[in-house]
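Chains as they are written, first to last, in this note's numbering: chain A, 1 to 221; chain B, 1 to 76. By construction, the Cβ of each residue, glycine as well, lies at the ideal position given by its N, Cα and C atoms.
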Amino acid sequence: MKTAVIVFPGSNCDRDMAVALEQVTGRAPAMVWHRDTDLPDGTDFIALPGGFSYGDYLRSGAMAARSPILRSVADAAAGGVPVLGVCNGFQVLTEAQLLPGALMRNAGLNFVCRTVPLKVENSQSLFTASYNAGEEINIPVAHHDGNYFADAATLDRIEGEGRVAFRYADSVNGSARDIAGVLNDAGNVLGMMPHPERAIDRAHGGTDGLRLFEAALGVLA
Amino acid sequence: MKVNVYVTLKPGVLDPQGKAIHHALEGLGFGGVADVRAGRFIELDVADGTSDADLDAMCAKLLANTVIENYRIERP
């Protein structure tokens, strides 16, 4: 399994993501700089990490979504390569229009940093096959702009198509319909505000995030 | 040529920042403010003769996120 982590100026969860990928695959990911134009040959899993790419200038994820490497990420996604965007990575994926909707300032205006319960809505996707539908898992969040927004027709459509992967069990940031994670129509791109890479070791207080990587990287326990 | 771009949240999109500003105004004793919506003002210095279509594309592709925002271009 050849994995890659895209690193933007201002990414700060790229190393956590690399630790998670290496722990599951046994092989360190390629760390790909945002100004690179190509992914390493044979990349078969791409992660966009959390952080504050480009200082959140203009809008969270807006500049990163227009960076040179994102064209290659979009091409890979179109070719079926799994792409996981966490936190700022989710913001980048919506800004790049690889996922529907937008992530706005939290409704309560506060930065939210704590472990929250999530409800697994779709347990059939390549990222969530290790969970049971309706299962509650605990994953940390740490964000200021996690308030998911899409118009009612889009929300109805993605719900109807089973593209809501996770919902917050309790309201966390004002997200429409408490949506915490969204899949693209092909099911190979997942964006989520909670950080699964921060829940892969007992020392983290839980390992619910590990199962996402095990499913997505094809090493189901 | 200076061009002004105003980016505003679409009607109906919750604006927590505007709400906070509204509360702060009330806290300062300014009554009679019905609502506050915060937006973004961007000043571009572009080549003379830049077309409307190019300016529009700049807004649609980067300056505004049209999922949540509207934009207005003001030429001199």
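Under 7 Å from the C-beta of residue i: neighbouring residues of chain A
| i | result |
| --- | --- |
| ILE68/B | ALA102, MET104, PHE149 |
Interface partners of residue i on chain A, CB under 9 Å
| i | result |
| --- | --- |
| ALA57/B | In chain order: nothing, as chain A lies at least about 13 Å away. |
| VAL16/B | This sequence places Pro at residue 16/B; Val is not what is there. In chain order: MET104, ARG105, ASN106, ALA107, GLY108, LEU109, ASN147, GLY174. |
| ALA20/B | LEU109 |
For residue j and residue i, believed in contact at Cβ under 8 Å, the rounded distance
| i | j | result |
| --- | --- | --- |
| GLY134/A | LYS119/A | 7 Å |
| THR66/B | ALA57/B | THR66/B to ALA57/B, Cβ: 12 Å. No contact. |
| THR94/A | GLY191/A | 7 Å |
| CYS74/B | VAL7/B | The question names Cys, but residue 74/B in the sequence shown is Glu. About 12 Å; that fails the 8 Å criterion. |
| LYS2/A | THR37/A | In fact, because the Cβ distance is near 18 Å, the residues do not count as touching under 8 Å. |
| LEU155/A | ALA169/A | Contact flag wrong, Cβ pair sits at about 18 Å. |
| VAL83/A | ILE139/A | The pair is not a contact, with the Cβ atoms about 19 Å apart (cut-off 8 Å). |
| LEU58/A | ASN122/A | With a Cβ gap of about 32 Å, LEU58/A and ASN122/A do not count as contacting. |
Where residue i meets chain A, residues with beta-carbon distance less than 8 Å
| i | result |
| --- | --- |
| PRO11/B | Under the 8 Å cutoff, chain A gives no residues; its nearest Cβ is about 12 Å from PRO11/B. |
| LEU62/B | LEU58, ALA62, ARG66 |
Cross-chain neighbours of residue i in chain B, by beta carbon under 8 Å
| i | result |
| --- | --- |
| GLU95/A | ASN65 |
First and last residue of the uninterrupted alpha helix (DSSP H) at residue i
| i | result |
| --- | --- |
| ASN110/A | Taken as a continuous stretch (DSSP letters only), ASN110/A belongs to no alpha helix (DSSP H), as it is neither H nor E. |
| HIS143/A | Where HIS143/A is concerned, there is no enclosing alpha helix (DSSP H), although the beta strand (DSSP E) it sits in stretches over 136–143. |
| LEU210/A | 208–216 |
| ALA4/A | Note, ALA4/A: premise wrong, no alpha helix (DSSP H); beta strand (DSSP E) at 3–7. |
| LEU21/A | 14–25 |
| PRO16/B | 16–27 |
Opening and closing residue of the beta strand (DSSP E) in which residue i lies
| i | result |
| --- | --- |
| PHE166/A | 164–168 |
| VAL182/A | 179–183 |
| LEU9/B | 2–9 |
| MET31/A | 30–33 |
| LEU190/A | 189–192 |
| TYR131/A | No beta strand (DSSP E) holds TYR131/A; DSSP gives it neither H nor E. |
| PHE149/A | 147–149 |
For this session: Could you name the residues of the stretch 44–69 of chain A whose beta carbon sits closer than 8 Å to any beta carbon of chain B, in the order they occur along the chain?
Result: LEU58, ARG59, ALA62, ARG66
For this session: Quick one: which unbroken beta strand (DSSP E) runs of 3-plus residues sit fully inside the stretch 30–73 of chain B? Chain order, please.
Result: 40–45
Problem set entry | alpha helix (DSSP H) runs contained entirely in the stretch 45–120 of chain A, provided each spans 4 or more residues | 62–65, 68–78, 88–95
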